[in-house]
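Have a look at the structure below, then the notes.
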Amino acid sequence: MTSAQSSERSARRRAVSVPFRTVLLSMVVLWATYFALVTFRGYMLDMDLQGEMAVRRMFVTLAGIGLTIVLWGLLRLVDWKPLWVKIGAAIIFAVPVALAIGQINQFAFEDLRDTLERKYAEERGFRFDDEGNLLFDLPAGAAARDGPEGAAPPGVSESLLIAPAPTGSEEWLKVLEIALGRYFLLLAWASTYFALLAGVQAQAAERREQQFRSAAKAAELRSLRYQVNPHFLFNTLNSLSALVMTGKGERAERMIQTISRFYRHSLADEPTSDVPLEDEFDLQKLYLDIEAVRFPERLRCEFDLPEDLRTARVPGMILQPLVENSVKYAVSRVNRPVIIRVAAREEFDRLVVTVGDDGPGLPEGAAHGFGIGLANVRDRLEARFGSDIGFSSGPVPGGYRTEIRIPLSRPKRG
2 MTSAQSSERS
12 ARRRAVSVPF
22 RTVLLSMVVL
32 WATYFALVTF
42 RGYMLDMDLQ
52 GEMAVRRMFV
62 TLAGIGLTIV
72 LWGLLRLVDW
82 KPLWVKIGAA
92 IIFAVPVALA
102 IGQINQFAFE
112 DLRDTLERKY
122 AEERGFRFDD
132 EGNLLFDLPA
142 GAAARDGPEG
152 AAPPGVSESL
162 LIAPAPTGSE
172 EWLKVLEIAL
182 GRYFLLLAWA
192 STYFALLAGV
202 QAQAAERREQ
212 QFRSAAKAAE
222 LRSLRYQVNP
232 HFLFNTLNSL
242 SALVMTGKGE
252 RAERMIQTIS
262 RFYRHSLADE
272 PTSDVPLEDE
282 FDLQKLYLDI
292 EAVRFPERLR
302 CEFDLPEDLR
312 TARVPGMILQ
322 PLVENSVKYA
332 VSRVNRPVII
342 RVAAREEFDR
352 LVVTVGDDGP
362 GLPEGAAHGF
372 GIGLANVRDR
382 LEARFGSDIG
392 FSSGPVPGGY
402 RTEIRIPLSR
412 PKRG
C-alpha cells in the first residue's frame with residue numbers, strides 16, 4: 002500500500018466517528034440517570050439537607066460529564082482497533098477518570114458529611130473532640146464504681162472512645178470506594194459508546210459497499226453500451242464501402258452525413274444514463290435513414306410512440322441492436338419490401354417497447370450474430386433494472402418480434 006493510499010485510508014477512518022452530539026447526549030442521559038436515582042434514594046431515606054446535597058450532587062454530575070468527555074477523547078484513539086484492544090483501553094483509561102471523579106465527590110461532600118455526622122452524633126449522645134475522635138461521655142462516677150482501680154475519682158466524668166479520627170489512608174479508602182462505583186458507571190458508558198461506534202462503522206461500510214456496487218454497475222453498463230458502437234460502426238462502414246465500390250457516390254455522401262448526425266446524437270449522452278424514449282426513437286430513425294441509403298426500395302419503417310410516453314426514460318441505444326437485427330436478418334435477406342415497426346405502450350405501470358418486422362424470421366445459420374445483440378440488450382436491462390424486467394424474442398406469424406418490459410419511469414416535475 003502506498004503512502005497516499007494509507008493517508009487516504011486513515012482520513013476516511015477518521016471521518017467515520019460517532020457525532021459529538023450523540024456522544025454528549027449519551028453522557029448526559031447516563032449522568033442524569035445517576036443524579037435522579039441518588040436524589041430519589043435520599044428523599045426516600047428522609048435524609049437531611051437534601052436541597053444542599055442536590056446542589057453539590059449537580060456539581061459532581063457536571064464534573065462527571067466533563068471527565069467522561071476526557072475518557073471519550075482517549076477512547077477515540079482506538080476507534081479502529083480490534084474489539085479486545087478497545088475493551089482493554091476502556092478498562093485502563095477509566096481508572097484515572099474514576100479516581101478523579103471520586104476525589105471531586107469527596108471534596109464536594111466532605112464538609113457537609115462532617116456536619117451531618119456531628120448532628121447525628123449529638124442527637125444520640127455522642128460528640129467529636131477537636132481531633133475528630135468520636136466520643137461518648139460516661140456519667141460522673143460510673144468509671145469509679147464499675148471500673149478497675151486507678152479509674153477517675155467520683156464526680157469526674159470520663160469519655161469513652163467510640164471511633165478514632167480517620168487517618169489519611171482511611172480518607173483515600175473512602176475516595177477509592179466512591180471511585181469504584183463510578184468506575185463501573187464509566188465502563189457502562191464505554192460499552193454504550195462502542196455499540197454506537199459499531200453502528201456508525203457498519204453504516205459507513207454499507208455506504209461504501211453500495212458505492213462500490215454502484216461503481217461496478219456503472220462500469221458494467223458502460224461496457225455493455227460501448228459494445229454497441231463498434232458493432233454498429235462495422236456494419237455502416239461495410240454499407241458505405243459497398244456504395245463507394247458500386248459508384249453510388251451521391252448516396253454514399255448522404256449516408257456519411259446521416260452517420261455524422263447519428264453519432265453526434267448518440268455520443269452526446271452519458272453511457273450509463275437513461276434518455277427520453279422520444280430521443281431513442283429519433284436515434285433509430287436516423288439509423289434507419291442510414292440503412293435506407295442501402296435499401297431504398299426494400300426498407301420501410303413505422304414508429305408508434307404515444308404522446309404520454311415521449312418522456313419515459315430508457316437506457317440509451319437500448320433498441321439499436323434490435324433494429325440492426327431486423328435490417329441484417331430481414332431486409333437484407335429478401336428482395337421484397339420489409340416493414341420494421343418500433344412501438345411503445347403502457348401496461349399496468351410498465352413500459353412495453355417492441356421491435357418487429359415482417360421478414361422471414363430467423364434464418365438458419367444466423368443464430369450466432371443474432372444472439373449477440375439480444376444478449377447485450379438483456380444484459381444491459383438486467384444491469385440497469387435487476388430482475389424486474391421482461392424480455393422475449395422470437396418468430397411470430399408473419400415475421401419476428403422482440404418485446405421489452407421495464408418499469409415505467411418519467412422525469413420528476415420541478
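Under the working numbering, the first residue of the sequence shown is numbered 2, with each subsequent residue one higher. A virtual CB, placed ideally from N, CA and C, is assigned to each residue, including glycine.
- When only Cα atoms are considered, LEU238 and GLY374 end up about 18 angstroms apart.
- Taking the Cα positions, LEU300 is about 24 angstroms away from ARG265.
- Non-local beta-carbon contacts of GLU279 in its own chain, meaning distances under 8 angstroms to residues more than five positions away in sequence, involve LEU306, ARG311 and THR312 in chain order.
- Contact annotation, GLY357 with GLY395: C-beta distance approximately 11 angstroms; criterion of less than 8 angstroms not satisfied.
- Minimum Cα-Cα distance from GLY317 among the listed residues ILE257, VAL276, VAL335 and PHE21 corresponds to VAL276.
- Counting along the chain, the unbroken beta strand (DSSP E) around ASP305 starts and ends at 300-305.
- For ILE66, the uninterrupted alpha helix (DSSP H) run begins and ends at 51-76, by DSSP.
- Bridge pairing for PRO277: ARG314 [DSSP].
- The criterion of a C-beta distance shorter than 8 angstroms is not satisfied by ASN106 and VAL71.
- ARG262 is bridged by DSSP to nothing; it lacks a bridge partner.
- With respect to ARG406, GLY391 sits close: the two C-beta atoms are nearer than 8 angstroms.
- By the neighbour-count criterion, in which a residue is buried when 16 or more other Cβ atoms sit within 10 angstroms of its Cβ, ARG183 is buried.
- VAL397 is bridged by DSSP to GLY400.
- Straight across, the Cα-Cα distance linking LEU174 with ALA199 is about 37 angstroms.
- In the three-state scheme derived from DSSP, where H, G and I count as helix and E and B as strand, ARG342 is classed as strand.
- In the DSSP annotation of this structure, the continuous segment of the alpha helix (DSSP H) that includes LEU31 starts and ends at 21-45.
- Taking the CA atoms as reference points, LYS82 sits about 26 angstroms from VAL29.
- Across the set GLY362, ILE341, ALA180 and PRO408, the C-alpha of GLY362 shows the shortest separation from the C-alpha of PRO398.
- The C-alpha of LEU78 lies about 39 angstroms from the C-alpha of GLY43.
- DSSP, read as helix, strand or coil, puts GLY357 in strand.
- Look at GLY391 here: in three-state DSSP terms it is strand.
- Scanning its chain for C-beta atoms nearer than 7 angstroms, with the 5 sequence neighbours on each side dropped, one finds around GLU303 the residues ILE340 and ARG342, in chain order.
- Between VAL19 and TYR194, the beta carbon gap of about 7 angstroms places them in contact (Cβ cut-off 8 angstroms).
- Sorting PRO408, GLU298, ARG58 and LEU25 by C-alpha distance to the C-alpha of GLY387 places PRO408 at the top.
- Distance from the CA of TRP73 to the CA of GLY52, rounded to the nearest whole angstrom, comes to 31 angstroms.
- CA-to-CA, the gap between PHE21 and LEU187 works out to about 17 angstroms.
- If the five residues before and after LEU352 are omitted, its C-beta is found closer than 6 angstroms to the C-beta atoms of ALA313, ILE407 and LEU409, all from its own chain and listed in chain order.
- In the DSSP assignment, SER333 falls outside any alpha helix (DSSP H) and carries neither an H nor an E.
- A residue is called buried when at least 16 other Cβ atoms come within 10 angstroms of its Cβ; VAL86 does not meet this threshold and is exposed.
- Per DSSP, VAL324 is one residue of the alpha helix (DSSP H) stretching across 321-327.
- Taking C-beta atoms as the reference points, VAL324 and GLN285 count as a pair closer than 8 angstroms.
- Under the three-state reduction of DSSP output, PRO408 falls in the strand class.
- With respect to LEU197, THR23 sits close: the two C-beta atoms are nearer than 8 angstroms.
- Counting of Cβ neighbours within 10 angstroms places LEU181 among the exposed residues, the total staying below 16.
- When DSSP reads this structure, GLU348 sits in a beta bridge with ARG351.
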